[in-house]
Structures are given as structure tokens and as C-alpha cells.
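Report on the structure given below.
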């Protein structure tokens, strides 16, 4: 590795970590300036061999263990967040006491962020079916002593069963590992079976363990979003939670449906869709406005955000 975070052979660990921390303070701040991403990302790519580090200022006050060789974790380290725009949108919706489901929780970026905002009176259920990733999630929760997050080592779909999970055997396009790309639906790029995971439906799960409220759900499960929604009709009808759904043209195709099918299902349940833009700005839109990949906020018609803004 070379550049501002370079570590010479035999350099003490303390010096190495100090150099990384100093560089990170700069990149997290500079990243807020539009147009700086390409330069900063070049620096990020040089850090893949730096190993696992723990930061103490994720989202300002939280501790997080980050593997700098993994795509999402390295972006959190160097840029502050990976899902910045989604987090901006979610922040407006969460309030103290909220109950939130993070489906596709990975190492906990969204779960930790949400737990901090819902507080002790609220709760987060974090779904992560891959055992190794779920263990990383638990470590990040333990680092912060968070007791309002429950880790569910299972996936969400439209049936209760076990199913193979597929991933790519090759590195991600930027040269990193990308542990968040596991999918239930094999495709050309992701066709190597890496695990067998347990699946359930939200309707089955929440009927077996009743809850009094459900305010929001994040769905980022690489093509399984539509099956998960089909298996949650009772939950959506009863609680009317807002939803943040990642919709990718490629992952939808691998699962045998099109992005518009998600919009149509939720429209039948009287939900409206809003594309999530930079800093969480929302733009009302349907499936015709979708690109190759997009995060979409769906809300029951007439619902307002946490700051009182209407979304009609």
C-alpha cells in the first residue's frame, strides 16, 4: 500500500493505525464535497491490505469493526457511510420508540444507525442469514452495548424453507471482496453456492411472535425483495409500515420478475413510491422512472415523514 496511509515493512501497528485514522478524518470530511469521490476512491482502493480496524465515530458516536478489504466496510471507513442517501431518508422516518426491521442487515450499518434513533423504547430486528456476516453484526452491536437490536440469522422470502445462497467467486469490479452480494437467485456472475440459509416469511414470523407496532422496514436482499413483500401482505395491511426497498434490474431479472412488479404489488396495497436521491431527497415516481438500480421509499398514501412533511 502506498500514499498517505502507507505502512512500511516493520512499521509498528500503532503507527499504522494512527496513519489510517488521520487519513480517514480527512476523507470523511472531504467526501461531503460533490465531485471528490473519484480521487478519494482511489485512496480507498489502496487500503485493501490494511486488515480489520475498529472506528469509534461511526455516525458520530458508535464503534464499528471494519474489514478494509471488503467493499462496504471500506467505504464506511473512508467515507463515513456506505448507504448515505438511504440513511438520510430513514432518519426522517424514525422516531424514539419506533420498531424497525432491517432485512439484509449485513454488518449493521443501518441497524446501528436505526438503533441509535429509536432509543431504548424502540427496537430493531436485524435479519442476516449468512452466519459469518451475522457474527460480524453481533460484534458491532456488542461494541456499543446495544440491547435494542435482535439479530435474526435467517432470510425473508415468500415461503418457510431452506435454500442455497449464491455469490460470485471473483472479486468485485473495484478489486475488493463484496460480501453483501449473496443472493437466492443464481445468475451468470453469482452462481457459486456458498451456504444454505433458513428462510421464513414476515407473516409467519410476526404471527408467531406478536408485536404491537411496526413502523418501518428496509429491504436489501439482492432480488428477493418481491418474494419478501408477497410473504408480508398481512403485516403490510395490519401495520402499514413505510418501506425502503433496493430495486435492481439485474437482480429482479435473476429472480424472474421486473421492477414494475414491486411497484404494482405495493400500489395494490395503496402504497406510493419515491425515488431516494442525494442526501435522501425524495421524488415521487413509478417504475417507469427506474434506472439500472435504485433505492425507493414506499409509504402508505397520506403518511407523513418523521419531520411532518407530507409525501403526497
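Residue numbers (this note's numbering): 1480 to 1791.
From the three backbone atoms N, C-alpha and C, an ideal C-beta is built for every residue, glycine too.
Item: Does DSSP put residue 1612 in a helix, in a strand, or in coil?; Value: helix
Item: Tell me the rounded alpha-carbon separation between residue 1605 and residue 1756.; Value: 24 Å
Item: Check residue 1469 in the structure and name its three-state DSSP category.; Value: It is not possible to answer for residue 1469, since the shown part of the chain is limited to 1480 through 1791.
Item: Could you tell me how far apart the beta carbons of residue 1754 and residue 1773 are, in whole angstroms, since I believe they sit closer than 8 Å?; Value: 6 Å
Item: With a 10 Å radius around its C-beta and 16 neighbouring C-beta atoms as the bar for buried, classify residue 1775 as buried or exposed.; Value: buried
Item: Which residue spans inside the stretch 1687-1721 form an unbroken alpha helix (DSSP H) run of at least 4?; Value: 1704-1709, 1712-1718
Item: Which whole-angstrom value describes the C-beta separation of residue 1677 and residue 1633, a residue pair presumed to lie in contact below a C-beta threshold of 8 Å?; Value: 4 Å
Item: Taking only runs that begin and end inside the stretch 1519-1564, name each unbroken alpha helix (DSSP H) of 4 or more residues, in chain order.; Value: 1550-1558
Item: Take residue 1749 as the anchor and find which of 1764, 1731, 1781 has the nearest alpha-carbon.; Value: 1781
Item: Taking buried to mean at least 16 other C-beta atoms within 10 Å of its own C-beta, is residue 1787 buried or exposed?; Value: Here residue 1787 scores only 43 on pLDDT, less than 50, and its place in the model is too uncertain to base an answer on.
Item: Comparing C-alpha positions only, which one of 1626, 1517, 1717 sits nearest to residue 1695?; Value: 1717
Item: Assuming residue 1548 contacts residue 1561 under a Cβ cut-off of 8 Å, what Cβ separation, rounded to an integer in Å, is found between them?; Value: About 15 Å; that fails the 8 Å criterion.
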